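Below: one structure, written as structure tokens.
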Ligand code: SF4
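Residue numbers (our numbering): 1196 to 1541.
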């Protein structure tokens, strides 16, 4: 759908209550229309003004002409609706590109959404890092990924993970606002929403202090300061020790298990000694470790061979925490973990 020529460069999803009220007043409408519109957007998941059947036709036409309903539009879908994994390319109103992924696994339908265009954190194994940081997504742009993907999915989305492009905790306010909308307006329980961070320590503490019940995932990827620092330069600012301390702090406040993501890279963090150090590091923390054999992106790092993957997993066999392995889905369409990067930015 093309955008109306006279549309303003902000979508309805990004208006605050006062702005909504002032638009409705200008159009001679009562503020209760806002509730009807909100219901269409968040509960019915409509993607056009014309679908809002209980609004007068004239109002729908006026709104269509003055403001875009959604801040995003889908420009490309990779994978068919019969496949387990599909990747969506979106364009924002200001012409930026982001990606989201829809994954089905039995009764679960999970979506992985982006929080920024590009990323400043510069993890050495990550395709998004190559884009650099471009901008923070607004809460509307974050929520809109969920609305569009639900409209494209033939099953109800059960889980939302903030693990796409960007570091969610470097866009903390908008991410938390989006999570609140998902939780309070769209019916996603806090346990169905996971926020993943590369390790922005003060924000982990802030999330704990504010009492948010969303699930926390930490991208760990190293068993000591040195190995983590090799691939995650933010370790210089947020040491592994301070990260683990903040995880303990979070657990004490929120009483919720943390998931540690561990991308397994050949010759970097995949030795049995790494496994043993990982046990020591996390021994006293109620948590789960999710091992992700690396999805190659054509850079300097490789996925360990099967023997090394199994050797590493074997070293964790007596770990006091649960260990799972994510054999990433969607690697054929570059939708696996760490593979999201917009290739056609031009
Ligand atoms: S892994 Fe996450 S935090 Fe690290 S560069 Fe990629 S998108 Fe940013």
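For glycine and all other residues, C-beta sits at the position ideal for the given N, C-alpha and C.
Nothing here was measured: the structure is a model prediction, and the numbers come from that model.
Residue 1433 and residue 1415 have their C-alpha atoms some 12 Å from each other.
Just so you know, the alpha carbons of residue 1347 and residue 1435 end up roughly 40 Å apart. The beta carbon of residue 1229 is closer than 8 Å to those of 1212, 1215, 1216 and 1219 in its chain, skipping five residues each way along the sequence.
When 1482, 1321, 1454 and 1390 are compared, the shortest CA-CA separation from residue 1428 is found for 1321. Ranked by Cα distance from residue 1486, the options 1473, 1425, 1479 and 1403 are led by 1473.
In the structure shown, the three-state DSSP call for residue 1271 is strand. As computed with DSSP, residue 1286 is found in a beta bridge with 1268 and 1292. For the pair residue 1489 and residue 1460, the CB atoms are nearer than the 7 Å cut-off. In the DSSP secondary-structure assignment, residue 1311 is bridged to 1331. Just measuring C-alpha positions, the residue of 1318, 1479 and 1226 sitting nearest residue 1492 is 1318. Pairing residue 1232 with residue 1477, the inter-Cα distance amounts to about 47 Å. Judged by the Cβ position, residue 1316 qualifies as a neighbour of the ligand SF4 at the 6 Å threshold, a heavy atom of the ligand being closer than this. For the ligand SF4, a non-hydrogen atom lies closer than 6 Å to the CB of residue 1321.
When rounded, the separation of the alpha-carbon atoms in residue 1431 and residue 1496 is 21 Å. Looking from the CA of residue 1403, the closest CA among 1377, 1441, 1418 and 1457 belongs to 1441.
Beta-bridge pairing by DSSP links residue 1412 to 1391 and 1454. Going by C-alpha positions, residue 1287 is about 15 Å away from residue 1328. At least one heavy atom of the ligand SF4 is found less than 6 Å from the C-beta of residue 1362. In the three-state DSSP reduction, residue 1519 falls in the strand class (E or B). For residue 1487, the enclosing beta strand (DSSP E) starts and ends at 1482-1488. Here DSSP, grouped into helix, strand and coil, assigns residue 1300 to strand.
Setting aside the 5 residues that flank it on each side, residue 1387 is surrounded in the same chain by 1353, 1354 and 1355, each with a C-beta closer than 7 Å to its C-beta; the list follows chain order. Here residue 1309 is near residue 1293, since their CB atoms are less than 7 Å apart.
The beta carbon of residue 1378 is closer than 8 Å to those of 1384, 1385, 1388 and 1409 in its chain, skipping five residues each way along the sequence. Remark: C-beta atoms of residue 1412 and residue 1437 do not approach each other more closely than 7 Å.
Counting along the chain, residue 1356 sits inside the beta strand (DSSP E) bounded by residues 1354-1357. Secondary structure at residue 1218: helix, using DSSP grouped into helix, strand and coil. Taking 6 Å as the cut-off, the C-beta of residue 1324 counts as close to a heavy atom of the ligand SF4. With distances taken between CA atoms, residue 1235 lies nearest to 1208 out of 1208, 1257 and 1521.
Cβ neighbours of residue 1336 within its own chain (closer than 7 Å, five residues either side excluded): 1266, 1267 and 1287. Here residue 1291 has 1312, 1329 and 1330 as same chain residues with Cβ atoms under 7 Å from its own Cβ, once five neighbours each way along the sequence are excluded.
Judged by the Cβ position, residue 1393 qualifies as a neighbour of the ligand SF4 at the 6 Å threshold, a heavy atom of the ligand being closer than this. Taking C-alpha positions only, residue 1511 is separated from residue 1517 by approximately 9 Å.
In the structure shown, residue 1432 adopts coil according to DSSP, grouped into three states.
For residue 1459, the secondary structure class from DSSP, reduced to helix, strand or coil, is strand. If the five residues before and after residue 1363 are omitted, its C-beta is found closer than 7 Å to the C-beta atoms of 1310, 1357, 1370, 1390, 1391 and 1392, all from its own chain and listed in chain order.
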